Structures are given as C-alpha cells and as structure tokens.
Amino acid sequence: MERIGVVGAGAWGTTLAKLLVEKGYSVTLWAWEPELAVTMARERENGIYLPGVELPETLEITTSLAELGRGRSVILLVTPSHVLRSVFSEIRPFLETPALLISATKGLEHATCMTMSQVIRQVAPEVTSLAVLSGPSFAKEVSRGLPAALVAASDDEATAKRVQSLLSSPAFRVYAGSDPLGVELGGSIKNVIAIAAGVVDGLGLGHNALAALVTRGVREMARLGVAMGARADTFAGLAGLGDLVLTCTGDLSRNRQLGLALGKGASLADLLRRSPTVKEGVNAARAAVTLAERFSVEMPICREICAILFESRSPQEAVADLMGRALKSEDT
171 MERIGVVGAG AWGTTLAKLL VEKGYSVTLW AWEPELAVTM ARERENGIYL
221 PGVELPETLE ITTSLAELGR GRSVILLVTP SHVLRSVFSE IRPFLETPAL
271 LISATKGLEH ATCMTMSQVI RQVAPEVTSL AVLSGPSFAK EVSRGLPAAL
321 VAASDDEATA KRVQSLLSSP AFRVYAGSDP LGVELGGSIK NVIAIAAGVV
371 DGLGLGHNAL AALVTRGVRE MARLGVAMGA RADTFAGLAG LGDLVLTCTG
421 DLSRNRQLGL ALGKGASLAD LLRRSPTVKE GVNAARAAVT LAERFSVEMP
471 ICREICAILF ESRSPQEAVA DLMGRALKSE DT
C-alpha cells in the first residue's frame, strides 16, 4: 500500500489528504502551524481552513517535514506558491528515492516567474517522477463529496496515469494529461483573470462584460502558454477554461472576492490584512506581466490588474483602458 505525505494543511491539502485516506491509503498531513496541528489531531477538524468537515481518525498530522518525508512513496506538495521552494528544499533530504512528487499548488514563483514543477526540478534535478494536478476544484465542495473533475499532467505518460489511478474516486474524476506546463500556467493565470472578474462584478458592469472578460482571458492564457511551449488545446480543457469559469463565477473563489472588494472601492493593503488566506492571483499578476514582456506577448487584462494592484490605477480607469484599446481581429 502507498504511504503518502501531503505537504500543506490549507483547505486543498486537507481535502486531498482526506480523500486519500478514504481511499484506504496511509496518509500523513504536514501543517506549518503547531497550534493547528494540535487542534486538528484532537478535534479531527481543520477549523481555520476547512471548518465543518470531519477528518478521518486514521489521518496522521505532523509538523515535522523529516517525519513526513521518510518512508513515503508519494508526496503531494500543496503549499502556497511563495513558500514551496523553501518547504521543498527542507523536505528534500528526507525523500525516498524515487518518490512520486505531485504539485497541487496553483501559482507562479514571484521572484523567478517559474511554475511549481520548474521550481521543484531546479531544487531537485534528480527527481524522475513528477506530475501536476489542477482543474476546477473548490476544496469545500470536494471535501463534502460533491463531483469534480481535474487533470493530472506529466511529461511521462506512466506517471500521469499513476496519479490518475491514485486520486480518482467515484466523485473525483481525474484525467491524465501530457502538457504540465500548460496545466500549471492555466491554474496560475486564471487567478489573475478571476480578480478581474470580481472587479467587473464589483463595478456592476453586467453579464456581457463578464462573458467578454472570461473569453478574452482564455485567449491571454493560451497566447502566453503557446509562446512558452505549451499546447493551445490545454487552455480549452479543465485546467484552463474549466478552472477559469469556476474561479470567475463561483462565490467560493478568494481571488474573485478580492476583485469584488477592489471594484467596490477597497484597497489591496486592507484586504490582505483582513484575510489569513493567500490570494495567489496577487502574486501571479506581476509574474504574468513579466512573462508577457519576456516572451513578447500581449496580456492587457493581466497588465491592467497589475496596475490596479500595484500602481494605484482605479478599476474604472482600467476598464476604460481595456475598452479603449485599438480595434483588432479577434484572432489576435
């Protein structure tokens, strides 16, 4: 039987750990906060990130990365993107060789603009089995057994199929994919577009504007992805359009809620102070614009969101800029 370690006790990491225990695997979940680990072990609930969801008695909780890494055949990395490098560097010496690594983190590293799998390979070039997991998946719904479909992608077909088999359950359908770069870019940049979707709703711009935003958002994601070597069709799949639709329209989307508040006049600094949960779209916005410049790709939506977040541009000015751009073919 696989012995699995899940790194990160946020809502998604806790949900994946719960799902794997319910499939019969031996699972240990690593929490960064000692207080959270103690209360989770005692109360069998993640009261901070996944309140109201009962955790299996057999789910082990630890704050030791050494304990988590030793003897595990599979490691799921589910930390916020800005700490994945440091956390993975710490656990690396304790990993079994060859362990299967699965990145379920959606985001880009701020300093380098790398995807999470690129960070993992830079830290540990010896890794041979690596996959990424992404797609439309609110943890609150998955943890309650509601149906969801995601994609597990790897450069190696056998690895993708292994992850597919590992995670699939009657209510959790996993497709195998062969474009990990596209899957990761879709899962990262959709968070930026989701902030824009929230701004649209916060300003009361209507359904037409939201539909236009989502459609052009897919185009931006695909344009950058293809320039970087990903496949265009990936962005029409679960990790692209699927996750984008969910994140732009679902009230459980933290990035959409952030944009909604910005559209209603709140400041980014105040919003980040109030919330303990990471909004990956904030970190991804700058990275997306940097990548767009690096690969000579136009990404006007991401650029305007970056200006709202970091350059004091008002949401109204950003909308006017987007609508006032030079007329062009839809294909560009």
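Residue numbering for the sequence shown is 171 to 502, as defined by this note's numbering.
For every residue, glycine included, the Cβ atom is placed at its ideal position computed from N, Cα and C.
The model shown is predicted, which means the values in this text are computed figures rather than measured ones.
Taking the C-alpha atoms as reference points, what is the distance between residue i and residue j?
i	j	result
S234	W200	7 angstroms
A490	E481	16 angstroms
E474	V248	29 angstroms
S339	A402	29 angstroms
H377	A367	10 angstroms
E224	R464	46 angstroms
T298	G356	23 angstroms
M284	A454	10 angstroms
V253	V452	15 angstroms
Y195	G239	16 angstroms
G435	I471	19 angstroms
S346	A406	A small fix is needed here, since residue 346 is Ala in this sequence, not Ser. Computed Cα separation, rounded: 15 angstroms.
R332	G183	19 angstroms
D325	A301	8 angstroms
L432	L383	17 angstroms
S256	T275	14 angstroms
P295	V197	26 angstroms
E237	L442	33 angstroms
E172	K449	32 angstroms
Determine the DSSP secondary structure at residue i, reduced to helix, strand or coil.
i	result
S313	coil
A301	strand
E487	helix
G222	strand
V408	Reading off the sequence, residue 408 comes out as Leu, not Val. Note: L408 maps to helix in three-state DSSP.
V289	helix
R173	strand
V248	coil
V197	strand
Could you work out which residue in the options is closest to residue i when comparing CA atoms only?
i	options	result
F308	S299, A318 and G429	A318
N425	T460, Q288, G277 and V253	G277
S335	R495, K193 and T198	K193
I290	G305, R214 and F258	F258
G178	E172, W202 and L189	W202
L246	E237, L186, P221 and L414	L186
L380	L442, V415, R389 and F264	V415
G217	A181, E227, L300 and T228	A181
V321	I174, K310, T385 and L337	L337
R343	S358, L265, V312 and R214	V312
S287	R314, L351 and V369	L351
D413	L373, L442 and S358	S358
V369	V353, S437 and G399	S437
I272	E213, L220 and G175	G175
G387	H280, E500 and Q427	E500
A281	E205, A458, T502 and L497	A458
Name the two residues that bound the continuous beta strand (DSSP E) containing residue i.
i	result
L270	L270 to S273
F342	F342 to G347
E230	E230 to T232
A323	A318 to A323
L422	L422 -> no beta strand (DSSP E), and no H or E assigned at all.
Could you spell out the range, first to last residue, of the alpha helix (DSSP H) harbouring residue i?
i	result
A462	E450 to R464
T502	From DSSP, T502 is part of no alpha helix (DSSP H); its letter is neither H nor E.
R255	S251 to I261
L355	P350 to G372
R214	First-last for R214: undefined, no H or E at that position.
S335	E327 to L337
L235	L235 to G239
E540	Outside the shown range of the chain (171 to 502) lies residue 540, about which nothing can therefore be said.
M398	G376 to M398
D440	L438 to R444
Am I right that residue i and residue j are in contact with their C-beta atoms under 8 angstroms? What's the rounded C-beta distance?
i	j	result
I478	C418	That pair is no contact at about 16 angstroms.
A462	L394	6 angstroms
L303	A341	Between A341 and L303 the Cβ distance is about 16 angstroms, and since that is not below 8 angstroms, they are no contact.
C476	R444	The Cβ separation is near 22 angstroms, so there is no contact.
V191	T228	6 angstroms
L270	T329	7 angstroms
M493	E390	That belief does not hold up - the Cβ atoms of M493 and E390 are roughly 16 angstroms apart, past 8 angstroms.
L422	D371	Incorrect: roughly 14 angstroms between the Cβ atoms, too far for contact.
L189	P306	Not really, about 16 angstroms apart at Cβ, beyond 8 angstroms.
Is the CB of residue i under 8 angstroms away from at least one CB in chain B?
i	result
V191	In the displayed structure, chain B is absent; only one protein chain is listed.
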